[in-house]
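**Q** Each protein sequence line maps, in turn, to chains A and B.
One point on numbering: in our numbering, the residue at position 110 of the first sequence is 614, and numbering is uninterrupted.
One point on numbering: in our numbering, the residue at position 27 of the second sequence is 531, and numbering is uninterrupted.
Don't be surprised by glycine CBs; every beta carbon is placed ideally from N, CA and C.
This structure is a prediction, so every number in the text was calculated from the model and none was measured.
Structure in structure tokens, see below.
There are 2 protein chains.
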Amino acid sequence: MSETAPANPILVEVTRGSIVESRHAGAIAVSDPDGHLLLALGDVQRPIYPRSAVKAMQAIPLIESGAADAFGLTDDELAVACASHSGDAVHLEAVRSLLVKAQLDESYLACGAHWPVSEETMRALMRAGRRPQSIHNNCSGKHAGMLAAAVKLGLEPRGYEQPDHPLQVMIARIISETCCVTLDRAHVGVDGCSVPTWALPLSALARGFARLGTGDGLPPQRASALHRLVAACSGSPVFVAGEGRFDTVVMAALGPAVFVKGGAEGMHCAALPELGLGIALKIDDGAKRATERALSGVLVALVPEAEQMMAAQLEGELLNWRGISVGRVLASEALVRATAALDDSPRRRAGAVAQSTR
Amino acid sequence: MSETAPANPILVEVTRGSIVESRHAGAIAVSDPDGHLLLALGDVQRPIYPRSAVKAMQAIPLIESGAADAFGLTDDELAVACASHSGDAVHLEAVRSLLVKAQLDESYLACGAHWPVSEETMRALMRAGRRPQSIHNNCSGKHAGMLAAAVKLGLEPRGYEQPDHPLQVMIARIISETCCVTLDRAHVGVDGCSVPTWALPLSALARGFARLGTGDGLPPQRASALHRLVAACSGSPVFVAGEGRFDTVVMAALGPAVFVKGGAEGMHCAALPELGLGIALKIDDGAKRATERALSGVLVALVPEAEQMMAAQLEGELLNWRGISVGRVLASEALVRATAALDDSPRRRAGAVAQSTR
């Protein structure tokens, strides 16, 4: 079980005063749809769990089964099916509506309960003396989408979260096909919300996201399903995460130029359709502060428009309980070097040109 | 600012299904009072911030100034002055009492406010529609203790948290003397609660904790002050952290055999007075799950009595939102090897004998 591979490089450093107090190692892959890697920093071949980063791929049966059309799902409902949502009222409403359209109710959700990600909503729930329900789980939209697909496919909805349920078998095949990788049954874990999470290399995930964003190399039906899901997320970014959260803020600011989705334990993926690129990164220790800081560095290198809206993220100022500035969350030298190389890549320049002529 | 030193070894691995999903690197020092290192895993010479791990040292002026005696402080109040408390009613009561005895009130606390560490107390506060105050800050006891010491010393209490205030200058000297290390003014940071945190190597911290636990090599007055503080913590462990928290559980189970104190950003220190040893460890990325798991491994290797009470910690089972077992938090091979070597050390055997004949 233990380490034999060389350690991944430090990607993010957290300073306090004049010294580096904490360090986050990790790996990053940037790929085109053919699997050519523009960046491979750290071990991008070791299988890792993508967790919630692949929710858009997990939502494909919702489109391909015909459920989205048959049930008349809105873009907000499609976006929440791809979401790690904050548990705010708008999210719960979209998830409930999705379930009602599939003629199901909350009792079918197998995700388990946790307090809403949104602190404000959590406090409101606590003030009301209530406990969280499955619908507050950040994954409830994904689960509602899986349930709706199962119903449309004529499958037994109960047990939809089990790895041997036909819906999960279908999803595993979709991930495998989209990322051009064989999934190993020895490497399937149980996610926080109880559905299977299949391990695959960051390199394959990055390629999968390049294909997800562009449709390149995918059968037309698959490309169209992904395009519809990504467009729904781009158009309703608040449904994909929530007010003030990284994925929502980035997609709201950059529109269809960037599709971005985080997952637990330091996962984050992104698709840059106009550049024809996919990004997959994992922080080894799972810290979100490092994941978002590292991805910001890569995004800014590839999408110049991202720089201004990410100024605060790049500045990385850390405040203490009295609001005193005590340190910063910064890109390491290794990350700076890697993103500088991306900055100079012909792909970025070509992409910028392609973008300006569209 | 960036990395030049070799990376620290992985100490803790987090598994999911059949693979390691996340990894935590770090460094550990175990020292005797003379500075002989029984264990030096990773870089134990690089200066790091001890954060809240040195609160007992920061509380020394409370004893040496005569404040504890003059104000008739109880052991609970001394323990809360060394605490990172949960913000429960017992803690707030002890902090308020300490302030009242020093003829001050909560308005003097410079620690800033945060929601209580205890989820139950936080929820109760939210249910009541209230906001957290400075007294809920896990450091409010340390601040009350600093204020009481300042009053007894005839110092202006306002500004007691500033690095140039005579009380903080005194505390810096105490840490330097206890750990036998020169503190570098270039390496002082501002802690989360706004007092200075002085960087020093793990090796020096471990030595300081060996001296703190035994008094070896310290002037009698200093040894006696530390003995009184450590005894207060051992006797009232719930005041040092709170119900169910690591430091409280360990000290409640092991009594005076172990003094243990965590800090932010992956810091943890311990004193084993009967073995004459001190432990200092830091997880590079700051994750508490890894800090406590790594320290458990070291403690069990040195104190066989710890094994049974730490069974759940050592098992490290991870449950998801539905209570399904999805993985484990485990010692890495490097940590297992290092603790196995400690297990065989003559010091441990000698210590066990010393313990049984006391």
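Using the C-alpha atoms, what's the distance from Val802 of chain B back to Leu846 of chain B?
**A** The residue given as residue 846 of chain B occupies position 342 in the second sequence. The residue given as residue 802 of chain B occupies position 298 in the second sequence. So the two alpha carbons sit approximately 8 Å from each other.
**Q** Under 8 Å Cβ-Cβ, which residues of chain B neighbour Ala745 of chain A?
**A** Residue 745 of chain A sits at position 241 when you count from the first residue of the first sequence. Within 8 Å Cβ-Cβ: nothing; Ala745 of chain A doesn't reach chain B, min ~18 Å.
**Q** Please list the residues of the region 774 to 794 of chain B that have a C-beta atom closer than 7 Å to any C-beta atom in chain A, keeping them in chain order.
**A** Flagged, chain order: Asp788, Asp789, Gly790 and Ala791.
**Q** Measure from the C-beta of Arg749 of chain A to each C-beta in chain B and report whether the shortest distance is under 7 Å.
**A** Position 245 of the first sequence, counted from the start, is the residue given in the question as residue 749 of chain A. No, Arg749 of chain A lies away from the interface with chain B (no Cβ there is under 7 Å from its Cβ).
**Q** Taking 7 Å as the cut-off, decide whether the C-beta atoms of Ala648 of chain B and Leu577 of chain B are in contact.
**A** Position 144 of the second sequence, counted from the start, is the residue given in the question as residue 648 of chain B. Position 73 of the second sequence, counted from the start, is the residue given in the question as residue 577 of chain B. Contact flag unset, no.
**Q** Is it the case that the Cβ atoms of Gly831 of chain A and Thr795 of chain A are separated by a distance below 7 Å?
**A** Position 327 of the first sequence, counted from the first residue, corresponds to residue 831 of chain A. Position 291 of the first sequence, counted from the first residue, corresponds to residue 795 of chain A. Not closer than 7 Å, so no.
**Q** Going by DSSP in three states, Phe713 of chain A sits in which element: helix, strand or coil?
**A** Here residue 713 of chain A corresponds to residue number 209 of the first sequence, with the count starting at 1. If DSSP states are grouped into helix, strand and coil, Phe713 of chain A belongs with the helices.
**Q** So which residues of chain B does His618 of chain A contact, with C-beta pairs closer than 9 Å?
**A** One-based indexing of the first sequence puts residue 618 of chain A at position 114. Residues of chain B passing the Cβ test: Trp825.
**Q** Mind checking which residues open and close the beta strand (DSSP E) that includes Thr519 of chain B?
**A** Walking along the second sequence from the start, residue 519 of chain B turns up at place 15. Ile514 to Arg520 is the span of the beta strand (DSSP E), which, as asked, contains Thr519 of chain B.
**Q** Could you confirm whether any beta carbon from chain B is found closer than 7 Å to the beta carbon of Ile639 of chain A?
**A** Here residue 639 of chain A refers to the residue found at position 135 of the first sequence. Ile639 of chain A does not count as touching chain B.
**Q** Applying the criterion that 16 or more other CB atoms from any shown protein chain within 10 Å of the CB defines a buried residue, is Arg662 of chain A buried or exposed?
**A** Reading the first sequence from its first residue, position 158 is the one you call residue 662 of chain A. When all chains shown are included, Arg662 of chain A counts as exposed.
**Q** Evaluate Pro510 of chain A with the Cβ neighbour count: other Cβ atoms within 10 Å of its Cβ, from every protein chain shown; 16 or more gives buried, anything less gives exposed.
**A** Counting from one through the first sequence, the residue named residue 510 of chain A turns up at place 6. The residue in question, Pro510 of chain A, is exposed, as its Cβ has fewer than 16 Cβ neighbours within 10 Å.
**Q** Who are the near neighbours of Thr519 of chain B in its chain, counting only those whose CB is closer than 7 Å to its CB and skipping five residues on each side?
**A** Position 15 of the second sequence, counting from 1, holds the residue named residue 519 of chain B. Glu525, Gly831, Arg832 and Leu834, listed in sequence order.
**Q** Would you check if the region 708 to 728 of chain A and the region 578 to 592 of chain A touch, i.e. whether three or more CB-CB distances between them fall below 8 Å?
**A** Verdict: no, contact absent.
**Q** Decide if the region 695 to 708 of chain B is in contact with the region 548 to 560 of chain B; the criterion is three or more beta carbon pairs, one per stretch, under 8 Å apart.
**A** Cβ pair count under 8 Å is three or more, so yes.
**Q** Judging by CA-CA distance, which residue of A:Val734, A:Leu785, A:Phe750 and A:Gly521 is the nearest neighbour of Leu818 of chain A?
**A** Within the first sequence, residue 818 of chain A is the residue found at index 314, counting from 1. With distances taken between Cα atoms, Leu818 of chain A lies closest to A:Phe750.
**Q** Using a Cβ-Cβ distance under 7 Å, would Ala511 of chain A count as near chain B?
**A** The residue labelled residue 511 of chain A in the question sits at position 7 within the first sequence. Yes, contact with chain B.
**Q** Under 9 Å Cβ-Cβ, which residues of chain B neighbour Cys615 of chain A?
**A** If you number the first sequence from 1, residue 615 of chain A lands on position 111. Per Cβ cutoff of 9 Å: Trp825 and Arg826.
**Q** Would Tyr553 of chain A count as contacting chain B if we go by Cβ distances under 7 Å?
**A** In the first sequence, counting from the first residue as 1, residue 553 of chain A sits at position 49. Cβ-Cβ to chain B under 7 Å: yes for Tyr553 of chain A.
**Q** In three-state DSSP terms, what is Ile564 of chain A?
**A** Numbered from 1 along the first sequence, position 60 holds the residue referred to as residue 564 of chain A. Looking at Ile564 of chain A - three-state DSSP - the assignment turns out to be helix.
**Q** Looking at the C-beta of Glu507 of chain B, does it have a partner C-beta in chain A at a distance below 7 Å?
**A** Taking the second sequence and counting its residues from 1, the one referred to as residue 507 of chain B is at position 3. With a pLDDT of only 47 at Glu507 of chain B, under the threshold of 50, the placement of this residue in the model should not be trusted; the figure read from the coordinates follows. Taking Cβ atoms only, chain A reaches closer than 7 Å to Glu507 of chain B, which makes this a yes.
**Q** Buried or exposed for Thr843 of chain A, please, with buried defined as at least 16 other CB atoms from any protein chain shown within 10 angstroms of its CB.
**A** Here residue 843 of chain A refers to the residue found at position 339 when the first sequence is read from its first residue. Thr843 of chain A comes out buried.
**Q** Among residues of its own chain, excluding the 5 on either side of Asn642 of chain A, which ones have a beta-carbon nearer than 6 Å to its beta-carbon?
**A** Within the first sequence, the letter at position 138 stands for residue 642 of chain A. Same-chain partners within the cutoff: Ser588, His589 and Val621.
**Q** Can you pull the chain B neighbours of Val692 of chain A, defined as C-beta to C-beta under 7 Å?
**A** The residue labelled residue 692 of chain A in the question sits at position 188 within the first sequence. Correct list: Gly521.
**Q** Given this structure, state the Cα-to-Cα distance separating Ala585 of chain A from Gly712 of chain A, to the nearest angstrom.
**A** Taking the first sequence and counting its residues from 1, the one referred to as residue 585 of chain A is at position 81. Taking the first sequence and counting its residues from 1, the one referred to as residue 712 of chain A is at position 208. The straight-line gap from Cα to Cα measures roughly 19 Å.
**Q** Assuming Leu716 of chain A and Leu730 of chain A are in contact, meaning their beta carbons sit under 8 Å apart, how far apart are those beta carbons, in whole angstroms?
**A** For the purposes of this step, residue 716 of chain A is taken as residue 212 along the first sequence, with counting starting at 1. For the purposes of this step, residue 730 of chain A is taken as residue 226 along the first sequence, with counting starting at 1. Indeed, because the Cβ distance is near 5 Å, the residues count as touching under 8 Å.
**Q** Within this structure, are the beta carbons of His595 of chain A and Ala791 of chain A separated by less than 7 Å?
**A** Mapped onto the first sequence, residue 595 of chain A falls at position 91. Mapped onto the first sequence, residue 791 of chain A falls at position 287. Not a contact, by the Cβ cut-off of 7 Å.
**Q** Please list the terminal residues of the continuous alpha helix (DSSP H) segment that includes Gly801 of chain A.
**A** Taking the first sequence and counting its residues from 1, the one referred to as residue 801 of chain A is at position 297. Lys792 to Leu806 is the extent of the alpha helix (DSSP H) around Gly801 of chain A.
**Q** What residues in the region 694 to 713 of chain A have a beta carbon less than 8 Å from any beta carbon of chain B?
**A** From the region 694 to 713 of chain A, only Val694, Asp695, Gly696, Cys697, Ser698, Thr701 and Ala703 have a Cβ closer than 8 Å to chain B.
**Q** Sorry if obvious, but does the Cβ on Asn512 of chain A come closer than 6 Å to a heavy atom of the ligand GDP?
**A** The ligand GDP is not among the ligands present in this structure, which contains no ligands whatsoever.
**Q** In chain A, what lies closer than 7 Å to Gly719 of chain B by C-beta?
**A** By one-based count along the second sequence, residue 719 of chain B stands at place 215. In chain order: nothing, as chain A lies at least about 31 Å away.
**Q** With a cut-off of 8 Å on the beta carbons, I'd call Ser611 of chain A and Gly767 of chain A a contact; round off their distance for me.
**A** On the first sequence, position 107 is the one that residue 611 of chain A refers to. On the first sequence, position 263 is the one that residue 767 of chain A refers to. At roughly 27 Å, the Cβ-Cβ gap does not stay under 8 Å, so Ser611 of chain A and Gly767 of chain A are not in contact.
**Q** Do we get a CB-CB distance below 7 Å when we pair Gly759 of chain B with the residues of chain A?
**A** The residue labelled residue 759 of chain B in the question sits at position 255 within the second sequence. No, Gly759 of chain B lies away from the interface with chain A (no Cβ there is under 7 Å from its Cβ).
**Q** At the 7 Å Cβ level, is His492 of chain B part of the contact set with chain A, yes or no?
**A** The first residue shown for chain B is 505 and the last is 862, placing residue 492 of chain B beyond what the model contains.
**Q** Looking at the C-beta of Val830 of chain A, does it have a partner C-beta in chain B at a distance below 7 Å?
**A** Stepping through the first sequence from its first residue, residue 830 of chain A is reached at position 326. Yes, Val830 of chain A counts as interfacial toward chain B.
**Q** Can you tell me which of the three DSSP states Ile532 of chain B falls into?
**A** Here the question's residue 532 of chain B lines up with position 28 in the second sequence. Correct three-state label for Ile532 of chain B: strand.
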